[in-house]
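For reference, the structure is listed below as structure tokens.
Residue numbers (our numbering): 7 to 544.
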């Protein structure tokens, strides 16, 4: 008889990973929730050795036709090979050079290959990484500081270094550091055009999203001509409690000159063409004035005005409230427990100057106080977006994920392709955004297709005990317990058992024999469970 409710260990793990597996559940039971969380929040730099070892030999097919010399293009040779994921280690200068030469001496397929490798690596890491909280929160921060891959070819190509050098190393670091790293990244510079901001006409694209999406939140936007005078005190200085359009203009001026080396004019002549961050005085406006109550005109050192803007935004209590609420909603669902948000915001503020500020915020959320256990062990209420559900299926079924050239687009029809959300606010994080009967049907078909692809290996037959193989009830109970840890609603259990007894069900497959038939029938069982309402929640 299956339990009616998953264990605390499974419920807690599902909230903060890409899917609880038996070995993680066993580890939490043996060592305790606090010990597991603390170990998770101290990952090695870069990929852990098993994941690095899995990525290193991976290969994906790439092929394109020869381009003969034409006009100013020397062309390129034909390619047809299975190649390692070499772009994962590329630096920004080599990427910039390659993109500039695309359709001259480099085939467009090479530019697309960068994104394919990044997406494939994400599927492998999300499925197999031991440090699951890092994977889970890397996805959060990449979406919070969203760079859509359709907007600009340079920004898209730079996403590999954005993921590797900007987001992942800072998942448990300091928000102020993360904020500046995203600001100075080639991907964000190109995506929101701050690289082109000039002294005469600073662009406001990045400045607006910096205030509305990355820090303070639209909830404290006061409009165009607000006369509100309420303030907050930060490090002994009175700062406006909200922002106006005028503050966006001042932030844009302050951050002009923060750019990348893109061959533009500098004070001493043209800058190099590397994509690397630089401060270019020739692009900096000298008209920055009062930003949220602070006079920026008094700051004359290079980058000082922009640095002050970022300091104010990172330390502002509205940023703590806005970002901590987003993190808690990401973990708990549309209505996170108020106590969790309060704990997170308090830790955010208390440790704002610590290099591990975000680690301490996660500890406050996941461990916090005596109520943390109740919060983590509550019944699921957060809808898994399609990518999360796919990763959870892989993890629950022990599937080995290899490099898959369609990883970035496989879920595109469900609105959840990797780095595919086009606008700066990132993909929505509400249950309503991912609830759709039509998408469930597409997801059902997609899971079958993906599991049948040679990039994925799973042996469900080998994982199914002989003692349950000839009983529909026992087979279904085994796989439901394995994937969910508790029974489905009664009608769901009945439907699965009836399907297992049917002419194309798993019992018939075992009776007729043949490992291929058995494996395919078991995949049908697993996919049916994965499309259940219970599996859709974490």
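Note that CB positions come from ideal geometry on N, CA and C, so glycine has one too.
Where the alpha helix (DSSP H) through residue i begins and ends
i, result
"residue 39", "39-46"
"residue 251", "251-261"
"residue 119", "114-134"
"residue 327", "323-338"
"residue 138", "138-150"
"residue 526", "521-536"
"residue 162", "159-163"
"residue 541", "No alpha helix (DSSP H) contains residue 541, which DSSP labels as neither H nor E."
"residue 226", "Where residue 226 is concerned, there is no enclosing alpha helix (DSSP H), given that its DSSP letter is neither H nor E."
"residue 186", "181-190"
"residue 210", "Residue 210 -> no alpha helix (DSSP H), and no H or E assigned at all."
"residue 1", "Lying before the first or after the last residue shown, residue 1 is absent from the chain, which here runs from 7 to 544."
"residue 53", "No alpha helix (DSSP H) contains residue 53, which DSSP labels as neither H nor E."
"residue 483", "478-490"
"residue 414", "Per DSSP, residue 414 belongs to no alpha helix (DSSP H) and is neither H nor E."
"residue 352", "344-356"
According to DSSP, residues forming a beta bridge with residue i
i, result
"residue 246", "237"
"residue 266", "283"
"residue 463", "406"
"residue 85", "70"
"residue 301", "296"
"residue 76", "79"
"residue 276", "271"
"residue 108", "112"
"residue 389", "543"
"residue 90", "65"
Cβ neighbour criterion (16 or more within 10 Å) applied to residue i
i, result
"residue 304", "exposed"
"residue 65", "exposed"
"residue 230", "exposed"
"residue 71", "exposed"
"residue 386", "buried"
"residue 243", "exposed"
"residue 368", "buried"
"residue 342", "buried"
"residue 545", "There is simply no residue 545 to check, as the chain begins at 7 and stops at 544 in what is shown."
"residue 42", "buried"
"residue 253", "buried"
"residue 472", "exposed"
"residue 67", "exposed"
"residue 388", "buried"
"residue 363", "buried"
"residue 494", "buried"
"residue 158", "buried"
"residue 365", "buried"
Spatial distance of residue i from residue j (CA atoms)
i, j, result
"residue 610", "residue 221", "Any question about residue 610 goes unanswered here, given that the chain covers just 7 to 544."
"residue 332", "residue 345", "14 Å"
"residue 424", "residue 381", "30 Å"
"residue 111", "residue 62", "28 Å"
"residue 478", "residue 403", "19 Å"
"residue 442", "residue 452", "15 Å"
"residue 413", "residue 17", "27 Å"
"residue 460", "residue 527", "18 Å"
"residue 291", "residue 456", "52 Å"
"residue 391", "residue 422", "7 Å"
"residue 370", "residue 149", "22 Å"
"residue 314", "residue 458", "53 Å"
"residue 360", "residue 185", "14 Å"
"residue 398", "residue 143", "16 Å"
"residue 7", "residue 486", "11 Å"
"residue 174", "residue 530", "35 Å"
"residue 263", "residue 310", "11 Å"
"residue 463", "residue 410", "12 Å"
"residue 337", "residue 419", "25 Å"
Residue-level contact to chain B via CB, residue i, 8 Å cutoff
i, result
"residue 296", "No chain B appears in this structure, which consists of one protein chain only."
Close beta carbons around residue i, own chain, < 6 Å, minus the five adjacent residues each side
i, result
"residue 192", "98, 164, 266 and 281"
"residue 90", "65"
"residue 20", "26 and 544"
"residue 11", "492"
"residue 355", "326"
Neighbourhood of residue i by C-beta, 7 Å cutoff - its chain only, sequence neighbours within 5 removed
i, result
"residue 69", "85 and 86"
"residue 187", "172 and 176"
"residue 340", "436 and 437"
"residue 534", "502 and 505"
"residue 155", "121, 162, 165, 425 and 426"
Contact set for residue i: own chain, Cβ-Cβ below 8 Å, skip 5 residues either direction
i, result
"residue 40", "373"
"residue 93", "101, 119, 120, 123, 124 and 166"
"residue 523", "515"
"residue 352", "370"
"residue 199", "209, 211 and 212"
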